[in-house]
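Student:
Written out as C-alpha cells, the structure reads:
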C-alpha cells in the first residue's frame, strides 16, 4: 500500500494505491478507521482510494482489503491538519466576521473629521438587474482582468452575481446568472410564495460568503424550474465567475419528525415553503444555511443545514420544529454565528416549543450547536415563549452577536433581541435553557418596547442597536452587564437598521446605517461618531440630489472598506467616498 503515511490539510485530498499479489482479482475495498468508505467524521474514501479528509484535524487509519482474500489487508496513516491561509482579505461574510461584530478595524481613510457632506458623498452607482437584499462583499487585491483590483461582489433577486471594480465606475468584471430561458428556469414569483414580502421575484436573498483560502464564493439561489421549485448552492471562482465542479447542488433534506410535509416519518425540506433569508456562514470548511418562511405561509419549518465546503456533501440537517410548526431561522438577514471552538449559534422565530419536556421543538429559542452534525449543545428560551408565539413576537427577528472574551464575569457572551424588544445577554457556556418562572438564570435582560430586526454591532466595549421607531443606541459593556450610554437624535422607522463600524484599530470609529423605512421608499445612509452617537457626522439627505442611494430594500447592510461605503438598493449599488 502506498503511501504508508501521509500528512495533508483539510483542503487537500490524498490518493492511496494498493497492490494485491498472488491473486487474479486485484480489487480491494477501503475503510477509514474501520468504517467502509469512511464518513464525515473520519473522512471519505472512494472505490479508487481517493481520500477526502474531514473538516476537523486528526489522525486516521486507511485500510485496503483484498476482495479475493479478505484475510489480506494493509494499513496507512493519514494526519490531517487545519488549512490556514489568508490569500484574500476584505469583507468576506455578513457583518464582517463569524462573530457578526460588524466591525472593520482596518479603515485608514474615513475618519470622523472627513465624513461630512462637504468632503464625503456618493461617487457613482453600479447598475444591476434586481433588488440587492444581500450585503455587498469586498475582496482586496484580486488579480483579475490583467491587473490587481479591489472587487465588490453583488448578488440580486434576479439570480445574478456580479463582480465590479470596487474603486472605479465601469462595466462588470464578470456576471453570472442562474436563470435559463431555454430550460424554463427563472426566479420565483412572489405570487408562487403567497407572500409579497420580497416582491416581485425571489432569487438570491441571503448574503453569500467567500472562502479566503480558496477564493470560492458560496451563494444560494432560488429558482422555478419547469414549474417545480428549488434552492441550489453555487460555488463560484471569484476571479472568473465560473462555477466550480459540483456547483449547483439542489438542496434536499429530511429529519425524523411527525409534522408535514412528511414521508414515512420524515419531515421533508420543501423549497416553496422555505425562505433562505439568513446570511450564509462558512466556518472550519463547513457552509451553514438557514431557512425561515414566506409570510408564515403553509407547513413551513425552520431549517439549518451544514455542507462540506469542498464537495457540498451534506454533513448535518436540523429542523427547529420536526414535530410542531414554524420556528423559522431568518434573523432579518443576519447569519448564524460561530465561536473559536466551532460552536454555531442561531435564534429561531415563533413556533412550537417542547425542548423543556424532552421534545425536539425549539420555537423562539437561542440555540447552540456543537458543530456540523448540528447536535443541540445548549439553548435558552424566554419564560414567556408561549406569549411571544401567540402575538407574533418572533425572538428570531434579531440575530446573534458574539462578544469578545471578557476578563471579568462570564467569559463568553452572546447578545441580541427580538420583536418584543427585550435585550438578552447570555453566557455561551451556560445558556440557561428554559425556566417558567422568569429569566433570572441568564446574565441579563433589559426590557425594551421596540422591536429589533437585525444584528447588533460591537466596538470598544460598546454594543450598538437601532430598533424599530427607535434611535440608534449605544450600550456600554462592563462586567458582563450593559447599560445605555448615548443615543442618536434621529429615529429609525420600520424596520430599524443594522449598524456596522469602521475604525483604524481603536481610533476614528464611525457607525454606519441604512435607514430604509420599508422596501421601496428612499433609502438614507447615516454616519455617527462611534464615541458618541448623538453626533451625526453625515446623512445622504443633506445633499439628496448628489447622494441619494435609491429605492430601499429592508434589512440591508452597508459595507465599509478602504475609504468607500457600498449600499445596495433596488437595481443598483451606490458607492460613497471622499469627493474629488
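Numbering (the working numbering), first residue to last: 9 to 588. Backbone N, C-alpha and C define an ideal beta-carbon position, used for all residues, glycine too.
1. Can you grab the Cα-Cα spacing for the pair residue 146 / residue 159, in whole Å?
2. How far does the alpha helix (DSSP H) with residue 436 in it extend, from its first residue to its last?
3. Which same chain residues end up closer than 8 Å to residue 197 when comparing Cβ atoms and leaving out the 5 residues on each side of it in sequence?
4. From this set, 223, 254, 258, which residue's C-alpha is nearest residue 248's C-alpha?
5. Which of the three DSSP states is assigned to residue 94 in this structure?
6. Going straight from the alpha carbon of residue 98 to that of residue 446, what length do you get?
7. How many Å lie between residue 573 and residue 186 at the Cα?
8. So what does residue 224 bridge to, in DSSP terms?
9. Whose C-beta lies closer than 7 Å to the C-beta of residue 31 among residues of the same chain, with five residues either side of it excluded?
10. Which stretch, first to last residue, makes up the alpha helix (DSSP H) that contains residue 552?
11. Taking the C-alpha atoms as reference points, what is the distance between residue 570 and residue 115?
12. Taking CB distances under 8 Å as the criterion, tell me whether residue 244 reaches chain B.
13. Report back the beta-carbon spacing between residue 296 and residue 220 to the nearest angstrom; my notes put them in contact at under 8 Å.
14. Which residue or residues does DSSP assign as beta-bridge partners of residue 495?
15. Is there contact here, the segment 286-300 with the segment 331-345, by at least three beta-carbon pairs under 8 Å?
16. Could you check if residue 12 is buried or exposed, using at least 16 other CB atoms within 10 Å of its CB as the buried criterion?
17. With a threshold of 16 other CB atoms inside 10 Å of the CB of residue 481, please say whether the residue is buried or exposed.
18. Quick one: Cα of residue 484 to Cα of residue 471, how far?
19. The beta strand (DSSP E) spanning residue 580 covers which residue range?
20. Identify every residue that forms a DSSP beta bridge with residue 23.
21. Helix, strand or coil for residue 427? Go by DSSP, reduced to three states.
22. Hey, could you find the ends of the beta strand (DSSP E) residue 452 is sitting in?
23. Would you kindly check if the distance between the Cβ of residue 459 and the Cβ of residue 475 is under 8 Å?
24. I think residue 351 touches residue 265, with their Cβ atoms under 8 Å apart; what is that distance to the nearest whole Å?
25. Does the count of Cβ pairs from the segment 129-142 and the segment 371-379 closer than 8 Å reach three?
26. Tell me whether the beta-carbon of residue 426 lies closer than 8 Å to the beta-carbon of residue 403.
27. Excluding sequence positions up to five away, which residues of its chain have a Cβ less than 7 Å from the Cβ of residue 26?
28. Which of the three DSSP states, helix, strand or coil, is assigned to residue 103?
29. With a threshold of 16 other CB atoms inside 10 Å of the CB of residue 413, please say whether the residue is buried or exposed.
30. What residues in its chain sit with their C-beta under 6 Å from that of residue 393, if we drop five residues either side in the sequence?
31. Output the distance between the C-alpha atoms of residue 557 and residue 263, rounded to the nearest integer angstrom.
32. Pairing CB atoms from the segment 448-456 with CB atoms from the segment 487-506, are three or more of them under 8 Å?
33. Sort 215, 587, 104 by Cα distance to residue 576 and report the nearest one.
34. Could you tell me which residues DSSP puts in a beta bridge with residue 115?
35. Which residues in the same chain as residue 34 place their Cβ atom closer than 7 Å to its Cβ, once the five residues preceding and following it in sequence are excluded?
36. Thinking residue 309 and residue 275 are a contact (beta carbons under 8 Å), I'd like their distance in whole angstroms, please.
Tutor: Here's the rundown:
1. As a working mapping, residue 146 is identified with position 138 in the chain shown. As a working mapping, residue 159 is identified with position 151 in the chain shown. Their backbone Cα atoms lie some 6 Å apart in a straight line.
2. Position 428 of the chain shown, counted from the first residue, corresponds to residue 436. Where residue 436 is concerned, there is no enclosing alpha helix (DSSP H), given that its DSSP letter is neither H nor E.
3. What you label residue 197 is simply residue 189 of the chain shown in a count that begins at 1. Around residue 197: 208, 209, 210, 232.
4. Locating residue 248 in the chain shown gives position 240, counting from the first residue. That would be 223, whose Cα lies nearest to the Cα of residue 248.
5. Numbered from its first residue, the chain shown carries residue 94 at position 86. Because the pLDDT at residue 94 is just 48, under 50, the model does not fix this residue reliably, and the point stays unresolved.
6. Within the chain shown, numbered from 1, the residue matching residue 98 stands at position 90. Within the chain shown, numbered from 1, the residue matching residue 446 stands at position 438. Cα to Cα, the separation comes out at about 42 Å.
7. Within the chain shown, residue 573 is the residue found at index 565, counting from 1. Within the chain shown, residue 186 is the residue found at index 178, counting from 1. Those two C-alpha atoms are separated by around 27 Å.
8. Indexing the chain shown from 1 puts residue 224 at position 216. The partner list for residue 224 (beta bridge, DSSP) reads 245.
9. Reading the chain shown from its first residue, position 23 is the one you call residue 31. Excluding positions up to five away in sequence, the list reads 74, 76, 77.
10. Position 544 of the chain shown, counting from 1, holds the residue named residue 552. Segment 552-555, the alpha helix (DSSP H) holding residue 552.
11. What you label residue 570 is simply residue 562 of the chain shown in a count that begins at 1. What you label residue 115 is simply residue 107 of the chain shown in a count that begins at 1. The alpha-carbon atoms of residue 570 and residue 115 are separated by roughly 6 Å.
12. The structure shown contains no chain B; it is built from a single protein chain.
13. Within the chain shown, residue 296 is the residue found at index 288, counting from 1. Within the chain shown, residue 220 is the residue found at index 212, counting from 1. The Cβ separation is near 17 Å, so there is no contact.
14. Counted from its first residue, the chain shown places residue 495 at position 487. BP columns for residue 495 point to 481.
15. Judged by pairs of C-beta atoms under 8 Å, the segment 286-300 touches the segment 331-345, as three or more such pairs exist.
16. Numbered from 1 along the chain shown, position 4 holds the residue referred to as residue 12. By the neighbour-count rule (16 or more Cβ atoms within 10 Å), residue 12 is not buried but exposed.
17. Residue numbering aside, residue 481 sits at position 473 when the chain shown is read from its first letter. By the neighbour-count rule (16 or more Cβ atoms within 10 Å), residue 481 is buried.
18. Translated into positions along the chain shown, residue 484 becomes position 476. Translated into positions along the chain shown, residue 471 becomes position 463. Straight-line Cα distance between these residues: approximately 6 Å.
19. In the chain shown, the residue the question calls residue 580 occupies position 572. Looking at the DSSP string, the run of the beta strand (DSSP E) that includes residue 580 is 578-586.
20. Here residue 23 is taken as the residue at index 15 of the chain shown, counted from 1. According to DSSP, which records beta bridges pairwise, residue 23 is partnered with 58.
21. Taking the first residue of the chain shown as 1, we reach residue 427 at position 419. If DSSP states are grouped into helix, strand and coil, residue 427 belongs with coil.
22. Locating residue 452 in the chain shown gives position 444, counting from the first residue. That run of the beta strand (DSSP E) goes 452-454.
23. As a first step, residue 475 is located in the chain shown; it is residue number 467 there, counting from the start. As a first step, residue 459 is located in the chain shown; it is residue number 451 there, counting from the start. With contacts defined by Cβ atoms closer than 8 Å, residue 475 and residue 459 form a contacting pair.
24. In the chain shown, residue 351 corresponds to position 343, counting from 1. In the chain shown, residue 265 corresponds to position 257, counting from 1. Going by Cβ atoms, the distance from residue 351 to residue 265 rounds to 24 Å, so no, they are not a contact pair.
25. no
26. Against the chain shown, residue 426 aligns to sequence position 418. Against the chain shown, residue 403 aligns to sequence position 395. Their beta carbons are under 8 Å apart, which means residue 426 touches residue 403 by this criterion.
27. Translated into the one-based positions of the chain shown, residue 26 becomes position 18. 9, 36, 57, 72, 82, listed in sequence order.
28. For the purposes of this step, residue 103 is taken as the residue at position 95 of the chain shown. The answer is helix: DSSP assigns residue 103 an H, G or I state.
29. What you label residue 413 is simply residue 405 of the chain shown in a count that begins at 1. Exposed, because fewer than 16 other Cβ atoms sit within 10 Å of the Cβ of residue 413.
30. Here residue 393 is taken as the residue at index 385 of the chain shown, counted from 1. Excluding positions up to five away in sequence, the list reads 361, 372.
31. If you number the chain shown from 1, residue 557 lands on position 549. If you number the chain shown from 1, residue 263 lands on position 255. A direct Cα-to-Cα measurement between residue 557 and residue 263 gives close to 43 Å.
32. yes
33. Taking the first residue of the chain shown as position 1, residue 576 is located at position 568. The shortest Cα separation from residue 576 among 215, 587, 104 belongs to 215.
34. The residue given as residue 115 occupies position 107 in the chain shown. Paired residues: none, contrary to the question.
35. Within the chain shown, numbered from 1, the residue matching residue 34 stands at position 26. Same-chain partners within the cutoff: 28.
36. Here residue 309 refers to the residue found at position 301 when the chain shown is read from its first residue. Here residue 275 refers to the residue found at position 267 when the chain shown is read from its first residue. At roughly 7 Å, the Cβ-Cβ gap stays under 8 Å, so residue 309 and residue 275 are in contact.
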